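Take a look at the structure below.
Laid out in structure tokens, this is it:
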């Protein structure tokens, strides 16, 4: 990516996440990024192109954050729970506004195939990651979608409630599910 492209994507990300995609025009992105409208449209001929670039950036940020949190832990069971610890940290950030992917899909998903594809790919990637963690822990495969849906629900709940408690609640539920899955696998 070029420096100009990065500035535009960073500006759009902050604006879209804070105000909503539909509330932000290209002029606002231009002003925030400190670039000319010509430079903006050279990098992103259409707003849809910029939205997908923002989602790509968010995917990398999310993936790096979750992976970093998990990789700090050695115990396979605790690695499963580290996902919720990451959520707790994220939910406590002053600018937390929920999952940018869920927000984008809620605004544009059915009407914008590019956004729908990006959101679905992101969510599928997270589910595959959780499945790998479950497999590495030696737990039954049915646990993975359960843990993933808990994480998704926690994100939505935290955004709507405006409080970070959903991460702790999801972590406690995940712990119960993990224990039950291991007990089921042992029988």
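Residue numbers (UniProt numbering): 1 to 187. Every residue gets a Cβ at the ideal spot worked out from N, C-alpha and C, and that includes glycine. Treat the numbers as computed from the prediction; the structure is a model and nothing was measured.
(1) Can you list, in chain order, the stretches of the alpha helix (DSSP H) that have 4 or more residues and sit fully within the segment 10-59?
(2) With three or more beta-carbon pairs closer than 8 Å as the criterion, would you say the segment 129-141 touches the segment 38-50?
(3) Excluding the five sequence neighbours on either side, which residues of its own chain have a C-beta within less than 6 Å of the C-beta of residue 170, listed in chain order?
(4) Taking all protein chains shown into account, do 16 or more other C-beta atoms lie within 10 angstroms of the C-beta of residue 142, making it buried, or fewer, making it exposed?
(5) What does the Cβ neighbour count give for residue 38, buried or exposed, with the cut at 16 atoms within 10 Å?
(6) For a minimum of 4 consecutive residues, which ranges assigned as the alpha helix (DSSP H) are wholly contained in the segment 116-141?
(7) I need the DSSP call for residue 187, collapsed to helix, strand or coil.
(8) Can you give me the C-alpha to C-alpha distance between residue 107 and residue 20, rounded to a whole angstrom?
(9) Taking residue 103 as part of the alpha helix (DSSP H), name the residues at either end of that continuous run.
(10) Do you know offhand how far residue 122's Cα is from residue 101's?
(11) Between which two residues does the alpha helix (DSSP H) carrying residue 153 extend?
(12) To the nearest whole angstrom, what separates the beta carbons of residue 55 and residue 88, a pair I think is in contact under 8 Å?
(13) By Cβ distance, which residues of its chain are closer than 6 Å to residue 166, with the 5 residues on each side in sequence left out?
(14) If residue 50 sits next to residue 29, beta carbons under 8 Å apart, how far is it from one beta carbon to the other, in whole angstroms?
(15) Residue 47 to residue 160, Cα distance in whole Å?
(16) State the DSSP-derived secondary structure class of residue 93, mapped to helix, strand or coil.
(17) From residue 96 to residue 164, what does the alpha carbon distance come to, in whole angstroms?
(18) Output the distance between the C-alpha atoms of residue 187 and residue 179, rounded to the nearest integer angstrom.
Judging by the given coordinates:
(1) 26-33, 37-43
(2) no
(3) On the chain shown, residue 170 is found 170 positions in, with the first residue counted as 1. These residues qualify, in order along the chain: 84, 150, 154.
(4) The count along the chain shown starts at 1 and reaches residue 142 at position 142. Classification of residue 142: exposed, given that the 10 Å Cβ count is below 16.
(5) Along the chain shown, read from residue 1 onward, the residue named residue 38 stands at position 38. Counting Cβ neighbours within 10 Å, residue 38 comes out exposed, since fewer than 16 surround it.
(6) none
(7) On the chain shown, position 187 is the one that residue 187 refers to. Interpretation of residue 187 is limited by its pLDDT of 49, a score under 50 that renders its predicted location unreliable; the figure taken from the coordinates is listed afterwards. Coil at residue 187, not helix or strand.
(8) Start at 1 with the first residue of the chain shown, and residue 107 comes out as number 107. Start at 1 with the first residue of the chain shown, and residue 20 comes out as number 20. Their backbone Cα atoms lie some 8 Å apart in a straight line.
(9) Position 103 of the chain shown, counting from 1, holds the residue named residue 103. Residues 100-108.
(10) In the chain shown, the residue the question calls residue 122 occupies position 122. In the chain shown, the residue the question calls residue 101 occupies position 101. Whole-angstrom Cα-Cα distance: 8 Å.
(11) Within the chain shown, numbered from 1, the residue matching residue 153 stands at position 153. Taken as a continuous stretch (DSSP letters only), the alpha helix (DSSP H) holding residue 153 covers 143-161.
(12) Residue mapping note: residue 55 aligns to position 55 of the chain shown, counting from 1. Residue mapping note: residue 88 aligns to position 88 of the chain shown, counting from 1. Residue 55 to residue 88, Cβ: 24 Å. No contact.
(13) Working through the chain shown from its first residue, we reach residue 166 at position 166. The answer, listed in chain order, is 154, 157, 158.
(14) Here residue 50 refers to the residue found at position 50 of the chain shown. Here residue 29 refers to the residue found at position 29 of the chain shown. Right, their Cβ atoms sit about 7 Å apart.
(15) For the purposes of this step, residue 47 is identified with residue 47 of the chain shown, where counting begins at 1. For the purposes of this step, residue 160 is identified with residue 160 of the chain shown, where counting begins at 1. Near 27 Å, if we compare the C-alpha coordinates of residue 160 and residue 47.
(16) Position 93 of the chain shown, counting from 1, holds the residue named residue 93. Correct three-state label for residue 93: coil.
(17) Taking the first residue of the chain shown as 1, we reach residue 96 at position 96. Taking the first residue of the chain shown as 1, we reach residue 164 at position 164. Spanning the two alpha carbons is a distance of roughly 9 Å.
(18) To locate residue 187, count along the chain shown from 1; it is residue 187. To locate residue 179, count along the chain shown from 1; it is residue 179. Here the model assigns residue 187 a pLDDT of 49, short of 50, so the residue's position is not dependable and the matter cannot be decided.
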